[in-house]
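In my numbering, the protein residues as written are 229 to 732.
Here it is as structure tokens:
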């Protein structure tokens, strides 16, 4: 999933850095992880960002999980399920599990959570679950879900962290307060959230697989500046750090006190385009911009060859990825002529860049140089995380780099999010094509795999032709840990398997 939200306050980060050593010394069984940004909410339906979902996966639990390899579904809170012959009714048998407060996980909780993500006005995922007709508890351990029509991706969609099973009574009692002080049934529970600084998790003794969990707790610590975050893990002030800059990989690999991992991912970085900003609403203008950007040069200079040029919104290796999708040649002169033909020869763009993100800043400078050859003026605006995300939502940007990682195995989720006219304004691009919207809906219900694949190939072709955004590159997850940390792993969908981590 999707989805950047960068820094909080640098002052808070400085304080965090000063307190790291003492925190680690006091809790040898606590894993400290440095990340760029702080969490935004602990209400799963109210976020569509990795900064939240990657924590949700170990705080909450879902009915159906994606396995550690990121390639197949496996039981979660639902230990088994059956599907009716007409593919409309799903019956789930829940295992004997408890929330962190000791209360039982019931089918009523599961039904409540599924209907809440569908109906609540604050839900960012309502479109993805509108297929659900009813969800009821036939007994405390049996959930019955009826769909409005058959949906091939429905089962896979239940693995999304945002549809985690929440305790109905607690959510209703706490209201908005739940987003700050949640109760879940995952491997860890939220002990404290120090906004702008860190999320402190502790082992959940009521977790149904608690015997697998070695750590006493986890601290997700916000260290917005990439260089500072790497220095902290090198100095032993952090056990691990994520979002390792491409430029630091080889250097960190040479340090015998560290382990660097490049895990297979579903990540794609793309240049988001606000289609509601003047000439950017015209296909020819967006096609010209695509042609004016040298993606291979960006991959070479910014990712040090670790990344790979992207040619589709569906990541390479994912289900129905179309390898032969169009790759526009880099041709600034042709792009310049196309812009002139479109009456946009004096095009100027406001480009929002996440401050402190080394890669984002490098890409911005390269694009500024490349687009200038096509006569486009690029004004780079460095903004912090809260500002950038709010600007995305409010439409206060022309272009900005965003990234997405798949959260589920089926392509419907990302396709709905970026092309299906859902509640996220097609990942903030405001792209609209009613024919595409209808095709997204049809692909969701097509049971024949060959016909369904053809639909997703067509969607990839249209998205590239109309330039919903500009595909930049695919890349692995790059993380670093101290040498005494074993089992720190991120699967292709982004989930961290912290229940398997050992701190020696």
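Here a beta-carbon is modelled for each residue, glycine too, at the ideal position from N, C-alpha and C.
Measure the CB-CB distance between residue i and residue j and report whether it falls below 8 Å.
i	j	result
residue 507	residue 570	yes
residue 306	residue 541	no
residue 674	residue 415	no
residue 287	residue 418	yes
residue 301	residue 384	yes
residue 595	residue 521	yes
residue 337	residue 395	yes
residue 626	residue 655	no
residue 698	residue 501	yes
residue 452	residue 630	no
residue 387	residue 514	no
residue 466	residue 260	yes
residue 339	residue 370	no
residue 439	residue 258	no
residue 671	residue 659	no
residue 262	residue 461	yes
residue 434	residue 320	no
Nearest by alpha-carbon distance to residue i: which of the options is it?
i	options	result
residue 577	337, 605, 553, 600	605
residue 680	493, 536, 380	380
residue 458	334, 646, 641, 706	706
residue 448	351, 639, 264	264
residue 668	538, 579, 677, 641	641
residue 329	624, 627, 412, 718	412
residue 354	298, 312, 315, 275	275
residue 430	511, 562, 441	441
residue 485	714, 729, 393	714
residue 289	603, 303, 719	303
residue 296	620, 653, 637, 649	637
residue 494	525, 545, 348, 439	545
residue 478	348, 532, 393, 368	532
residue 529	603, 587, 367	587
residue 603	561, 611, 644	561
residue 350	373, 326, 390	390
residue 475	455, 510, 564	455
residue 325	309, 313, 437, 575	437
residue 733	516, 537, 518	Residue 733 lies beyond the stretch modelled for the chain, which goes from 229 to 732, so this question has no answer here.
residue 547	677, 373, 397	677
residue 483	710, 718, 647	710
Would you verify that the beta carbon of residue i is, or is not, closer than 8 Å to some beta carbon of chain D?
i	result
residue 497	Absence of chain D from the displayed structure is noted, only one protein chain being present.
Tell me the residue span of the beta strand (DSSP E) that contains residue i.
i	result
residue 507	Element bounds for residue 507: n/a, residue is neither H nor E.
residue 417	416–422
residue 340	Per DSSP, residue 340 belongs to no beta strand (DSSP E); it is in the alpha helix (DSSP H), 335–347.
residue 498	486–501
residue 272	Note, residue 272: premise wrong, no beta strand (DSSP E); not H, not E.
residue 361	360–367
residue 526	Per DSSP, residue 526 belongs to no beta strand (DSSP E); it is in the alpha helix (DSSP H), 523–530.
residue 632	627–632
residue 433	Element bounds for residue 433: n/a, residue is neither H nor E.
residue 311	306–311
residue 370	370–375
Since residue i sits in a beta bridge, which residues does DSSP pair it with?
i	result
residue 450	263
residue 718	724
residue 398	For residue 398, which the question treats as bridged, DSSP gives no partner whatsoever.
residue 609	580
residue 258	445
residue 730	714
residue 440	Answer is none; residue 440 lacks a bridge partner.
Need the endpoints of the alpha helix (DSSP H) that residue i sits in, please.
i	result
residue 704	Looking at the DSSP string, residue 704 is not in any alpha helix (DSSP H); the run it does join, the beta strand (DSSP E), is 698–710.
residue 466	No alpha helix (DSSP H) holds residue 466; DSSP gives it neither H nor E.
residue 470	First-last for residue 470: undefined, no H or E at that position.
residue 564	560–569
residue 673	662–673
residue 586	586–600
residue 640	640–647
residue 322	No alpha helix (DSSP H) holds residue 322; the beta strand (DSSP E) holding it covers 317–322.
residue 483	Run containing residue 483: none; DSSP gives neither H nor E here.
residue 385	382–385
residue 689	677–694
residue 283	278–287
Which whole-angstrom value describes the C-beta separation of residue i and residue j, a residue pair presumed to lie in contact below a C-beta threshold of 8 Å?
i	j	result
residue 708	residue 468	7 Å
residue 731	residue 712	7 Å
residue 342	residue 357	7 Å
residue 497	residue 701	6 Å
residue 686	residue 661	With 8 Å as the limit, residue 686 and residue 661 do not qualify as a contact, their Cβ atoms being about 12 Å apart.
residue 492	residue 639	That belief does not hold up - the Cβ atoms of residue 492 and residue 639 are roughly 17 Å apart, past 8 Å.
residue 322	residue 335	6 Å
residue 407	residue 620	Going by Cβ atoms, the distance from residue 407 to residue 620 rounds to 20 Å, so no, they are not a contact pair.
residue 382	residue 359	6 Å
residue 634	residue 704	Incorrect: roughly 14 Å between the Cβ atoms, too far for contact.
residue 366	residue 724	Their Cβ separation, rounded to whole angstroms, is 35 Å, which puts residue 366 and residue 724 out of contact at 8 Å.
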